[in-house]
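Under this note's numbering, the first residue of the sequence shown is numbered 17, with each subsequent residue one higher. For each residue, glycine too, the CB sits at the ideal point set by N, CA and C. Just below is one structure, and these are the notes that go with it.
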Amino acid sequence: MEKIKVLLVEDDPNLGSLLKEYLDAKGYSTVLAVNGKQGYDVFSKDKFGICILDVMMPIKDGFTLAKEIRAIDVNIPIVFLTAKSMKEDALEGFTVGADDYITKPFSMEELLMRIKAILRRTENKSVKNSDQNEFKIGNYKFDYKHQILDLNGIQHKLTTKEAELLKLLCLHENNVLDRNFALKSIWHDDNYFNGRSMDVYIAKLRKYLKEDPSVELINVHGKGFKLLPGK
């Protein structure tokens with residue numbers, strides 16, 4: 017059975033190393049980042065089952081990082097580690113999309129129980145999302161496996177990259193698909209030339225979807241793209 021990959025972002029080197037060692041010993045595959053910027057870079061290049069984020073970090077705090085992670089994957093479970101016991105801190109954590117938070121100092125056993133509980137709640141939802149191959153986009157039907165976009169029986173055969181990009185947009189429907197995440201997922205590199213190539217594919221997808229005016233594929237300046245699938 018494949019190990020669940022955990023992104024741990026903690027700037028305290030002693031605590032970070034201890035948590036990584038403990039979670040690895042409990043059967044997880046843990047990647048440790050030491051600040052928010054590094055945490056984002058790591059997350060955007062790999063696929064994780066859960067994120068554990070320290071709140072107070074240099075360069076980029078945990079709340080900011082969580083918002084950026086949510087822009088890439090709206091369903092990824094997030095647990096905050098906080099040294100504060102303030103009610104406002106916890107409330108802000110839930111506002112930006114935390115599934116749980118735990119106040120330092122805490123026992124590792126307690127953190128492990130929280131992780132297991134969250135993963136049980138989200139397991140079915142995550143599997144469904146990652147395995148889904150058929151989508152409804154307004155009046156369109158999109159068959160990812162066969163790379164076919166169908167509108168009332170009129171079918172358009174998509175290229176592999178068109179299909180991969182459209183699937184990512186569908187999985188993030190009504191949310192922003194992060195530009196760099198899409199590039200690294202499909203082109204495996206977010207360089208300038210791949211970025212221009214992706215813009216061409218976005219334009220093609222927009223052209224394919226224009227027959228249903230309720231469907232919108234919009235650019236979100238500085239962030240990425242958003243598919244509004246209509247009714």
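Counting only the same chain and skipping the five closest in sequence on each side, list residues whose C-beta sits under 8 Å from that of residue i.
i: Thr-80; result: Gly-52
i: Met-214; result: Leu-181, Arg-195, Ala-198, Leu-199, Ile-202 and Trp-203
i: Ala-22; result: In the sequence as presented, Ala is not what sits at residue 22; that position holds Val. Contacts found: Leu-39, Tyr-44, Ser-45, Thr-46, Val-47, Phe-64, Gly-65, Ile-66, Cys-67, Ile-68 and Ile-131.
i: Asp-166; result: Tyr-156, Lys-157, Phe-158, Asp-159 and His-172
Going by beta carbon distance, what residues of the same chain come within less than 7 Å of residue i, once the five residues before and after it are set aside?
i: Lys-200; result: Ser-60, Lys-61 and Asp-206
i: Lys-19; result: Gly-43, Tyr-44 and Ser-45
i: Asn-235; result: Phe-241
i: Glu-227; result: Leu-167
i: Pro-127; result: According to the sequence displayed, residue 127 carries Leu and not Pro. Ile-118.
i: Val-58; result: Leu-23, Val-47 and Ala-49
i: Asp-115; result: Pro-93, Ile-94, Val-95 and Ile-134
By a C-beta neighbour count over all protein chains shown, 10 Å radius and 16 as the cutoff for buried, is residue i buried or exposed?
i: Phe-209; result: exposed
i: Ala-49; result: buried
i: Pro-93; result: buried
i: Ser-33; result: exposed
i: Lys-83; result: exposed
i: Ile-218; result: buried
i: Ile-170; result: exposed
i: His-237; result: exposed
i: His-3; result: In this structure the chain extends from 17 to 247, so residue 3 is not present and cannot be described.
DSSP puts residue i in a beta bridge; with which residues?
i: Asn-235; result: Phe-241
i: Ser-45; result: Lys-21
i: Tyr-117; result: Phe-96
i: Ile-68; result: Leu-24 and Val-95
i: Asp-166; result: Lys-157 and Gln-171
i: Phe-151; result: Phe-158
i: Val-192; result: Lys-242
Below 8 Å between beta carbons: does that hold for residue i and residue j?
i: Tyr-335; j: Asn-149; result: It is not possible to answer for residue 335, since the shown part of the chain is limited to 17 through 247.
i: Lys-242; j: Leu-193; result: yes
i: Lys-239; j: Glu-178; result: no
i: Gly-55; j: Val-25; result: yes
To the nearest whole angstrom, what separates the beta carbons of residue i and residue j, a pair I think is in contact under 8 Å?
i: Val-70; j: Gly-78; result: Correcting the residue identity first, residue 70 is Asp in this sequence and not Val. About 5 Å separates the two Cβ atoms, so the contact holds.
i: Pro-74; j: Ile-153; result: The Cβ separation is near 42 Å, so there is no contact.
i: Lys-120; j: Ala-99; result: 5 Å
i: Ile-118; j: Leu-97; result: 6 Å
Might you give, ordered along the chain, the residues of its own chain that have their beta carbon closer than 6 Å to the beta carbon of residue i, omitting 5 neighbours on each side?
i: Glu-232; result: Leu-244
i: Thr-176; result: none
i: Lys-76; result: Gly-52 and Lys-53
i: Phe-151; result: Phe-158 and Cys-186
i: Ala-87; result: Val-192 and Asp-194
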